[in-house]
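J.: Starting off with a structure, shown below.
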Amino acid sequence: MADDYLVRIGKLIRDARQHRGWTQAQLAEALGTSQSAVNRIERGNQNISLEMIARIGEALDSEIVSLGYAGPMHLRVVGGRRLSGAIDVKTSKNACVALLCASLLNRGRTVLRRVARIEEVYRLLEVLNSIGVRTRWINDGVDLEIVPPAELDLDAIDADAARRTRSIIMFLGPLLHRMDRFKLPYAGGCDLGTRTIEPHMIALRRFGLDIAATEGQYHAMVDRSVSPARPIVLTERGDTVTENALLAAARHDGVTVIRNASSNYMVQDLCFFLEALGVKVDGIGTTTLTVHGVPTIDADVDYSPSEDPVEAMSLVAAAVVTESELTVRRVPIEFLEIELAVLEEMGLDHDRTPEYFADNGRTRLVDLTVRPSKLEAPIDKIHPMPFPGLNIDNVPFFAAIAASAQGQTLIHDWVYDNRAIYLTDLNRLGGRLQLLDPHRVLVEGPTRWRAAEMMCPPALRPAVVVLLAMMAADGTSVLRNVYVINRGYEDLAERLNSIGAQIEIFRDI
19 MADDYLVRIG KLIRDARQHR GWTQAQLAEA LGTSQSAVNR IERGNQNISL
69 EMIARIGEAL DSEIVSLGYA GPMHLRVVGG RRLSGAIDVK TSKNACVALL
119 CASLLNRGRT VLRRVARIEE VYRLLEVLNS IGVRTRWIND GVDLEIVPPA
169 ELDLDAIDAD AARRTRSIIM FLGPLLHRMD RFKLPYAGGC DLGTRTIEPH
219 MIALRRFGLD IAATEGQYHA MVDRSVSPAR PIVLTERGDT VTENALLAAA
269 RHDGVTVIRN ASSNYMVQDL CFFLEALGVK VDGIGTTTLT VHGVPTIDAD
319 VDYSPSEDPV EAMSLVAAAV VTESELTVRR VPIEFLEIEL AVLEEMGLDH
369 DRTPEYFADN GRTRLVDLTV RPSKLEAPID KIHPMPFPGL NIDNVPFFAA
419 IAASAQGQTL IHDWVYDNRA IYLTDLNRLG GRLQLLDPHR VLVEGPTRWR
469 AAEMMCPPAL RPAVVVLLAM MAADGTSVLR NVYVINRGYE DLAERLNSIG
519 AQIEIFRDI
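Each residue of the sequence shown is one higher than the one before, counting from 19 in the numbering used here.
As C-alpha cells, then:
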C-alpha cells in the first residue's frame with residue numbers, strides 16, 4: 019500500500035516537472051539534491067517527507083504535488099457568457115504524436131517546435147523515456163528535443179503509459195527496422211468501441227512483420243527476406259494506418275507505393291517531416307504516396323508541425339454555441355473547407371483573411387472571424403468522410419452547433435461504435451437529441467441550455483462538446499474527471515478564460 023502511494027506521488031511530481039518543462043537535473047538543482055534522487059522519487063523508489071513534497075510544489079510552482087491534490091481534475095463552468103477577442107490555434111495533437119513515433123526512425127537529434135503540451139504527448143514521452151530515448155523541453159518549454167540511444171530497451175517499456183494511448187500502435191512501423199523480435203502492450207486511448215489493427219497488419223506484413231496477440235501484448239517478429247513487390251493497397255483509408263505504412267516504408271531500401279492512403283493533415287505533416295529526414299515522398303496530399311526509402315537515417319532535424327484543424331473547429335463551435343464574435347487565428351483552412359461550407363449553408367456569418375503559410379512552409383493558414391448568426395438545420399445529414407471530406411473528429415461539434423440551429427439535423431457517425439451515444443449527454447444540459455441507433459443521432463434545435471453537474475464522457479471530442487454546451491448554459495455547471503480533455507487540448511480552460519469564459523479548475527480534497 020505504501021509503495022503504491024509513493025508511486026502515485028512520484029508520477030504526480032514527474033507530470034508537474036514535465037509540465038514546467040524541466041529536466042530531472044533542473045529540479046534536482048532547485049531542491050539542492052542529486053538527479054538520481056529525483057529519479058528515485060519519480061519512480062516511487064524513495065520515501066519522501068511532507069517537507070520535501072512542499073519544497074517540490076514550491077519549486078515547480080504547482081499545487082499538483084500538494085497534500086490532498088492527487089485526485090481527478092474537474093471543471094466548474096459559469097455559463098451564459100459571451101466570448102470575444104482572438105485566440106491562436108495550437109499545433110496539431112495528431113501530428114505531434116505521429117512525429118514522436120517517427121523520431122524512432124532517426125539516429126540523430128530531432129527538435130520539434132511548439133509541441134502540444136497534452137496528456138497524449140506526455141504518455142508517449144514516458145514510453146520513449148522508458149526504452150532509452152532522451153527527451154527534454156527546451157526554449158522555455160516550448161520546443162522538444164529527442165535523442166535516441168544506440169539500442170532501444172523494449173524490455174523496460176512503461177506498459178501503463180503505453181496502454182493509455184492508441185498512438186503506441188505507430189511504434190510498429192519504425193521498430194520493425196530496428197529489431198527482429200519485440201513486444202508492445204495493447205493500444206488504449208479513448209473508449210470508442212472495438213477497433214481492429216488488421217488494416218495496419220495488411221500493410222506491415224508486406225515488410226515482413228508478423229504479430230501474435232497474447233496476454234495483453236503484441237508479440238512481433240520480422241522476416242527480413244520479405245519486402246513489398248507491388249503497391250500496398252490499404253483496406254482502410256485511415257490516418258494511423260497510412261502513417262504506419264509510411265513509417266515502415268521510410269527505411270525500406272527501395273521504392274514503396276501506398277494506395278488508398280489518407281491525405282489528412284497529420285499524414286501530410288508526417289510526410290513533410292520524412293522529407294526533412296531525407297526520405298523523398300511523392301504524391302503528398304493525394305491518395306497515392308510513393309516513398310523512396312533510406313535504409314539508414316542519421317540526421318539532426320528541426321521541424322515545426324502545423325496547427326490543429328480539430329482544435330480550430332472546436333473554437334469555432336465555441337463561438338457559435340455561445341453566440342459570440344470571435345477571431346480564431348492560424349486556422350489550417352485546407353482541412354476545414356468542407357465544415358465551413360456546411361456552416362455557410364446553415365447561415366454562419368464569418369469572414370477570413372488571405373492565406374499565409376504555417377511555420378512548416380507548406381500548410382495554408384487563415385484567420386477566421388465568426389459572428390453571432392441565426393442558423394438553420396442543414397438539408398443533408400452530417401456525416402464524416404476521409405479527407406477531403408468532413409473530418410471524422412469534427413462530427414461531434416456539429417451536435418452542439420445543430421442544437422443551436424432551427425430545425426432537425428441528422429448526424430451519422432458511422433466510424434466509431436460508441437461515440438454517437440456519448441453525444442446524448444447533451445440532453446442533461448437541455449439538449450433534445452434522439453439516439454436512432456449506435457451511429458445515428460437526431461438533433462432538434464434551437465436549445466435553451468441549462469446548467470448541470472455530470473461526469474465527463476470517456477471520449478475526447480464528445481467531452482469537449484459537453485464543455486461548450488456548459489459554457490452556453492446560464493448558471494454554474496460542473497464537469498467531473500476531465501483527463502480525457504487534457505489528452506487532446508493544452509490548457510483549454512485557461513485559454514477559453516482568456517477570451518471571456520469563466521471556468522475554474524478544481525480537484526477533490
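We put the CB at the ideal spot given by N, CA and C, even for glycine.
Per DSSP, Glu325 is paired with what?
T.: In DSSP, Glu325 forms a bridge with Thr109.
J.: For Leu30 and Ala177, what's the separation of their Cα atoms in angstroms?
T.: Looking at the two C-alpha atoms, the distance is approximately 17 angstroms.
J.: Going by C-alpha distance, which of Ala420, Leu78, Ala294, His401 is nearest Ile315?
T.: Ala294
J.: Mind checking who Ser495 pairs with in its DSSP beta bridge?
T.: According to DSSP, residue pairing for Ser495 in a beta bridge involves Val95.
J.: Tell me which residue opens and which closes the alpha helix (DSSP H) that Val384 is part of.
T.: Run containing Val384: none in the alpha helix (DSSP H); it sits in the beta strand (DSSP E), 382–389.
J.: Using 8 angstroms as the threshold, is the C-beta distance between Ala421 and Gly379 below it?
T.: Contact flag unset, no.
J.: Can you tell which of Ala238, Cys119, Leu460 has the C-alpha that lies nearest to the C-alpha of Ile186?
T.: Cys119
J.: Whose CA, out of Gln235, Asn65, His195, Asn278, lies closest to the CA of Ser245?
T.: His195
J.: Quick one: is Ser121 buried, meaning 16 or more other Cβ sit within 10 Å of its Cβ, or exposed?
T.: buried
J.: Can you tell me whether Gly97 is buried or exposed, with buried defined as 16 or more other CB within 10 angstroms of its CB?
T.: buried
J.: Under three-state DSSP, which class holds Thr371?
T.: In the structure shown, Thr371 adopts coil according to DSSP, grouped into three states.
J.: Can you tell me whether Met239 is helix, strand or coil according to DSSP?
T.: Under the three-state reduction of DSSP, Met239 is assigned to strand.
J.: So, are the CB atoms of Tyr236 and Ala113 less than 8 angstroms apart?
T.: no
J.: Please name the residue, chosen from Tyr374, Leu193, Ala423, that lies closest to Gly226 on a Cα-to-Cα basis.
T.: With distances taken between Cα atoms, Gly226 lies closest to Leu193.
J.: DSSP three-state call for His270: helix, strand or coil?
T.: It is coil, neither helix nor strand.
J.: Taking only the alpha-carbon atoms, compute the straight-line gap between Leu85 and Leu333 and give it to the nearest angstrom.
T.: Confidence in Leu85 is poor, its pLDDT being 42 and thus under 50, which makes the residue's placement too unreliable to answer from.
J.: I'd like to confirm the pairing. Which residues does DSSP put opposite Trp155 in its beta bridges?
T.: Leu162
J.: Which class does Leu307 belong to by DSSP, given the choice of helix, strand or coil?
T.: strand
J.: Residues bridged to Asp320 by DSSP?
T.: Val129
J.: Under 8 angstroms, do Thr442 and Pro396 count as touching if we go by C-beta distance?
T.: no
J.: On the criterion of 16 or more Cβ atoms from any shown chain inside 10 Å, does Leu613 qualify as buried, or is it exposed?
T.: Look at the range of the chain in this structure, 19 to 527, and you will see that residue 613 is not part of it.
J.: Using DSSP with H/G/I as helix, E/B as strand and the rest coil, what is Gln520?
T.: Here Gln520 sits in strand by DSSP.
J.: Excluding sequence positions up to five away, which residues of its chain have a Cβ less than 7 angstroms from the Cβ of Lys392?
T.: Gly365
J.: What residue range does the alpha helix (DSSP H) around Phe291 cover?
T.: 283–294
J.: Any idea what DSSP makes of His430, helix, strand or coil?
T.: strand
J.: Do Val145 and Ala180 come within 8 angstroms of each other at the CB atom, strictly closer than that value?
T.: yes
J.: To the nearest angstrom, how far is it from the Cα of Ile447 to the Cα of Trp467?
T.: The sequence shown places Leu at residue 447, not Ile. Rounded to the nearest angstrom, the two C-alpha atoms are 6 angstroms apart.
J.: Got a sec? Which residues, its chain only, sit under 6 angstroms from Arg135 by beta carbon, not counting five neighbours each side?
T.: Only Glu508 meet the Cβ criterion.
J.: Under three-state DSSP, which class holds Ala104?
T.: strand
J.: How would you label Ile156, buried or exposed, when you count the other beta carbons within 10 angstroms and need 16 or more for buried?
T.: exposed
J.: Do you know how far the Cα of Val151 is from the Cα of Glu163?
T.: CA-to-CA, the gap between Glu163 and Val151 works out to about 10 angstroms.
J.: Assuming the contact rule is C-beta atoms closer than 8 angstroms, Ser342 and Pro390 should be a hit. Round their C-beta distance to whole Å, please.
T.: 7 angstroms
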